[in-house]
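Novice: Structure incoming, see below.
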Amino acid sequence: MTWKQKALIQRGCASLPFGNEELYYFLQRKFGSLRHDPDPLPNLREAAGIAADLAKAGTPPEGRRVMEVGTGRRLDMPLAFYLLGAASVDTVDLHAYLKAEIVLKAVAAIVARRDEVTAYFAPYTAAPDLARRLDRLAGVSSLPDLLRETRISYHAPTDATRTTFPDASFDIQFSYTVFEHIPYDVLLGILRECRRLLAPGGIACHHIDLSDHFAHDDPSISFVNFLRFEEKEWSGYNDNQFAYHNRLREPDFERLYKEAGHDVLEWRTWRDSRGENEIRSGAFPLASRYRGLPAEMLATVGVRVLSRSAA
Ligand SMILES: C[S@@+](CC[C@H](N)C(=O)[O-])C[C@H]1O[C@@H](n2cnc3c(N)ncnc32)[C@H](O)[C@@H]1O
34 MTWKQKALIQ
44 RGCASLPFGN
54 EELYYFLQRK
64 FGSLRHDPDP
74 LPNLREAAGI
84 AADLAKAGTP
94 PEGRRVMEVG
104 TGRRLDMPLA
114 FYLLGAASVD
124 TVDLHAYLKA
134 EIVLKAVAAI
144 VARRDEVTAY
154 FAPYTAAPDL
164 ARRLDRLAGV
174 SSLPDLLRET
184 RISYHAPTDA
194 TRTTFPDASF
204 DIQFSYTVFE
214 HIPYDVLLGI
224 LRECRRLLAP
234 GGIACHHIDL
244 SDHFAHDDPS
254 ISFVNFLRFE
264 EKEWSGYNDN
274 QFAYHNRLRE
284 PDFERLYKEA
294 GHDVLEWRTW
304 RDSRGENEIR
314 SGAFPLASRY
324 RGLPAEMLAT
334 VGVRVLSRSA
344 A
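Printed below as a string of structure tokens:
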């Protein structure tokens with residue numbers, strides 16, 4: 034399927050007056066990226082990288098109260114924090130997208146591949162504790178059971194700009210591939226609410242995927258393909274609940290963190306060489322918003338930001 038066909042399907046599903054999420058999920062299960070059983074291992078590996086950065090910043094996950102922004106359909110990341118020994122994980126989402134069938138299949142995969150999972154997390158938590166947590170996962174048979182055993186709480190629908198958690202409820206707030214799907218002004222609200230929610234010394238870690246997500250399934254385009262479209266044309270593909278990507282680049286996020294009153298502790302980036310070559314060689318004209326900006330900055334397709342409340 035080409036990316037434009039996918040965009041058409043997303044727009045069609047989103048335009049239905051009701052039942053749009055169920056239909057989109059059905060199509061993804063039948064024909065799309067969800068037709069295969071979930072593989073949580075890549076996400077767990079990413080979580081180990083996040084744990085390494087948190088530990089380096091003096092806040093390893095073990096024993097911490099953790100909040101996730103933007104759960105989505107799966108619990109891979111909250112489960113990673115459970116395995117890392119978090120005291121609790123509260124995960125919030127504006128939409129109740131969580132799917133028990135996918136979550137339980139992911140749990141089965143984690144249990145079946147416990148040696149690999151143990152290798153990811155062994156540097157950050159004691160082996161006997163990790164083994165006990167994995168044993169506990171092996172015994173769960175339903176979503177409520179899982180949430181109880183892992184001390185994960187799911188809150189949806191909940192807007193992360195406006196939560197009812199008391200001040201200083203958490204030691205760590207994180208998100209994984211969420212901030213690229215949210216408009217700038219809403220992100221500002223999330224990071225300001227985060228300052229209220231973090232206890233003194235608490236830390237935020239947001240991992241942002243700046244790539245054109247249509248390129249994840251269509252190799253004919255690169256991760257920077259969407260930078261060619263003026264806002265009006267792009268909004269035709271993008272302005273719906275299933276596709277929205279803000280196309281913000283690194284300097285936009287730098288401004289965001291400053292405006293939200295966060296001090297940045299770590300700014301880790303990933304660059305895409307195919308996209309950078311395309312921009313350098315002028316393979317396509319850039320939208321006016323991106324013209325004149327350095328190729329290496331436009332081709333930065335991932336950012337992980339660790340921050341805390343400015344004094
Ligand atoms: C790409 S999905 C989540 C992906 C998930 N973290 C993962 O790794 O699979 C982004 C999620 O952010 C949620 N979201 C968007 N705006 C939000 C807000 N203001 N508060 C909480 N969640 C929000 C969306 O409903 C969506 O489920």
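Numbering (this note's numbering), first residue to last: 34 to 344. Glycine is no exception: its CB is placed at the ideal position from the N, C-alpha and C atoms. Every value quoted in this text rests on a predicted model; they were computed, and no experiment measured them.
1) So that I know if they touch, is there some Cβ in chain C lying closer than 8 Å to that of M330?
2) Rounded to whole angstroms, what's the CA-CA distance from R280 to G172? Just pull it up for me.
3) I'd like to confirm the pairing. Which residues does DSSP put opposite D242 in its beta bridges?
4) According to the Cβ coordinates, are W36 and F247 closer than 8 Å?
5) Could you pull out every unbroken alpha helix (DSSP H) segment of at least 4 residues lying fully inside the segment 58–128, listed in chain order?
6) Among the candidates R261, E287 and S342, whose CA atom is the shortest distance from the CA of L319?
7) For the segment 165–246, list the beta strand (DSSP E) runs that are entirely contained and at least 3 residues long, ordered along the chain.
8) Counting only runs of 4+ residues fully inside the segment 251–331, write out the alpha helix (DSSP H) ranges in chain order.
9) Indicate the three-state DSSP secondary structure (helix, strand or coil) for R341 in the structure shown.
10) Roughly how many angstroms lie between the CA atoms of S186 and S253, to the nearest whole one?
11) With a CB to CB cut of under 7 Å and the five nearest residues on each side skipped, what residues in its chain are close to D296?
12) Could you give the C-beta distance for R44 and N273, rounded to a whole number, given that I count them as a contact under 8 Å?
13) Can you tell me whether Q38 is buried or exposed? The criterion is at least 16 other CB atoms within 10 Å of its CB, across all chains shown.
14) Rounding to the nearest angstrom, what Cα-Cα distance links V125 and I205 in this structure?
15) Measure the alpha-carbon distance for G294 versus G96 and round it to whole angstroms.
16) What residue range is occupied by the uninterrupted alpha helix (DSSP H) comprising K132?
17) Residue range of the alpha helix (DSSP H) that T151 falls in?
18) Taking C-beta to C-beta, are L298 and A90 nearer than 8 Å?
19) For A47, report the span of its alpha helix (DSSP H) as first-last.
20) Among L170, I236 and S321, which has the Cα closest to the Cα of L112?
21) Measuring from the CB of T117, is there a heavy atom of ligand 1 at a distance below 7 Å?
22) Are the beta-carbon atoms of A142 and P93 separated by less than 8 Å?
23) Work out the CA separation of P161 and R282 for me, nearest whole Å.
24) Between A136 and L167, which are expected to be in contact by the criterion C-beta below 8 Å, what is the C-beta distance as a whole number of angstroms?
25) Report all residues from its chain with a CB closer than 6 Å to the CB of A119; omit the five preceding and five following residues, and keep chain order.
26) Would you identify the three-state DSSP class for A159, choosing helix, strand or coil?
27) Can you find the residues in the same chain that come closer than 8 Å, C-beta to C-beta, to L56, ignoring five residues on each side of it along the sequence?
28) Please determine, among S208, R228 and Y217, the residue with the shortest C-alpha to C-alpha distance to H239.
29) What's the gap between the Cα of P190 and the Cα of A332?
30) Do L231 and A276 have their C-beta atoms closer together than 8 Å?
31) List the whole-angstrom C-beta distance separating P71 from A139, where the pair is believed to meet the contact cut-off of C-beta under 8 Å.
Specialist: Per the coordinate set shown:
1) In summary, chain C is missing from the structure at hand, where a single protein chain is found.
2) Locating residue 280 in the sequence shown gives position 247, where the first residue counts as 1. Locating residue 172 in the sequence shown gives position 139, where the first residue counts as 1. Cα-Cα distance, rounded: 42 Å.
3) Within the sequence shown, residue 242 is the residue found at index 209, counting from 1. According to DSSP, which records beta bridges pairwise, D242 is partnered with G335.
4) For this step, residue 36 is matched to residue 3 along the sequence shown. For this step, residue 247 is matched to residue 214 along the sequence shown. Contact flag set, yes.
5) For the segment 58–128, the continuous alpha helix (DSSP H) assignments of 4+ residues that do not extend past its boundaries occur at 74–89 and 109–116, in sequence order.
6) Indexing the sequence shown from 1 puts residue 319 at position 286. Here the closest residue by C-alpha is R261.
7) Every beta strand (DSSP E) of 3 residues or more that sits fully in the segment 165–246 is shown, in chain order, as 185–188, 203–209 and 231–242.
8) 264–271, 283–292, 306–313 and 328–331
9) Walking along the sequence shown from the start, residue 341 turns up at place 308. Strand, per DSSP.
10) The count along the sequence shown starts at 1 and reaches residue 186 at position 153. The count along the sequence shown starts at 1 and reaches residue 253 at position 220. Straight-line Cα distance between these residues: approximately 40 Å.
11) The residue you call residue 296 lines up with position 263 of the sequence shown. Here the set comprises S340, R341 and A343.
12) By one-based count along the sequence shown, residue 44 stands at place 11. By one-based count along the sequence shown, residue 273 stands at place 240. That pair is a contact at about 5 Å.
13) Numbered from 1 along the sequence shown, position 5 holds the residue referred to as residue 38. Around the beta carbon of Q38, a 10 Å sphere encloses fewer than 16 other beta carbons of the protein chains shown; the residue is thus reported as exposed.
14) Here residue 125 refers to the residue found at position 92 of the sequence shown. Here residue 205 refers to the residue found at position 172 of the sequence shown. Going by the C-alpha atoms only, they are around 14 Å apart.
15) The residue given as residue 294 occupies position 261 in the sequence shown. The residue given as residue 96 occupies position 63 in the sequence shown. Distance between the alpha carbons of G294 and G96: 26 Å.
16) Position 99 of the sequence shown, counted from the start, is the residue given in the question as residue 132. Neither: K132 is in no alpha helix (DSSP H) and is coded neither H nor E.
17) Working through the sequence shown from its first residue, we reach residue 151 at position 118. R147 to F154 is the span of the alpha helix (DSSP H), which, as asked, contains T151.
18) For the purposes of this step, residue 298 is taken as the residue at position 265 of the sequence shown. For the purposes of this step, residue 90 is taken as the residue at position 57 of the sequence shown. Result yes, Cβ atoms of L298 and A90 sit closer than 8 Å.
19) Taking the sequence shown and counting its residues from 1, one reaches residue 47 at position 14. A47 -> alpha helix (DSSP H) spans W36 to A47.
20) Sequence index remark: in the sequence shown, residue 112 carries index 79 (1-based). Comparing Cα positions, the closest option is L170.
21) In the sequence shown, counting from the first residue as 1, residue 117 sits at position 84. According to the sequence displayed, residue 117 carries Leu and not Thr. Flag unset: Cβ of L117 not near ligand 1.
22) Locating residue 142 in the sequence shown gives position 109, counting from the first residue. Locating residue 93 in the sequence shown gives position 60, counting from the first residue. Contact: no.
23) Position 249 of the sequence shown holds residue 282. Position 128 of the sequence shown holds residue 161. Their Cα atoms are separated by approximately 43 Å.
24) Your numbering for residue 136 matches position 103 in the sequence shown. Your numbering for residue 167 matches position 134 in the sequence shown. Sequence inspection shows Val at residue 136; the Ala mentioned does not correspond to that position. Not quite, the Cβ-Cβ distance comes to about 16 Å (not below 8 Å), so this is no contact.
25) As a first step, residue 119 must be located in the sequence shown, where it is residue number 86. The beta carbon of A119 is closer than 6 Å to those of P94, R97 and V99 in its chain, skipping five residues each way along the sequence.
26) To locate residue 159, count along the sequence shown from 1; it is residue 126. Three-state DSSP puts A159 in coil, outside helix and strand.
27) Sequence index remark: in the sequence shown, residue 56 carries index 23 (1-based). Taken in chain order, the residues that qualify are C46 and L49.
28) By 1-based counting over the sequence shown, the position of residue 239 is 206. Measuring from the Cα of H239, the nearest candidate turns out to be S208.
29) Against the sequence shown, residue 190 aligns to sequence position 157. Against the sequence shown, residue 332 aligns to sequence position 299. A straight-line Cα-Cα distance of about 34 Å links P190 and A332.
30) Residue mapping note: residue 231 aligns to position 198 of the sequence shown, counting from 1. Residue mapping note: residue 276 aligns to position 243 of the sequence shown, counting from 1. For L231 and A276, no; Cβs fall outside 8 Å.
31) Along the sequence shown, one-based indexing puts residue 71 at 38. Along the sequence shown, one-based indexing puts residue 139 at 106. Between A139 and P71 the Cβ distance is about 5 Å, and since that is below 8 Å, they are a contact.
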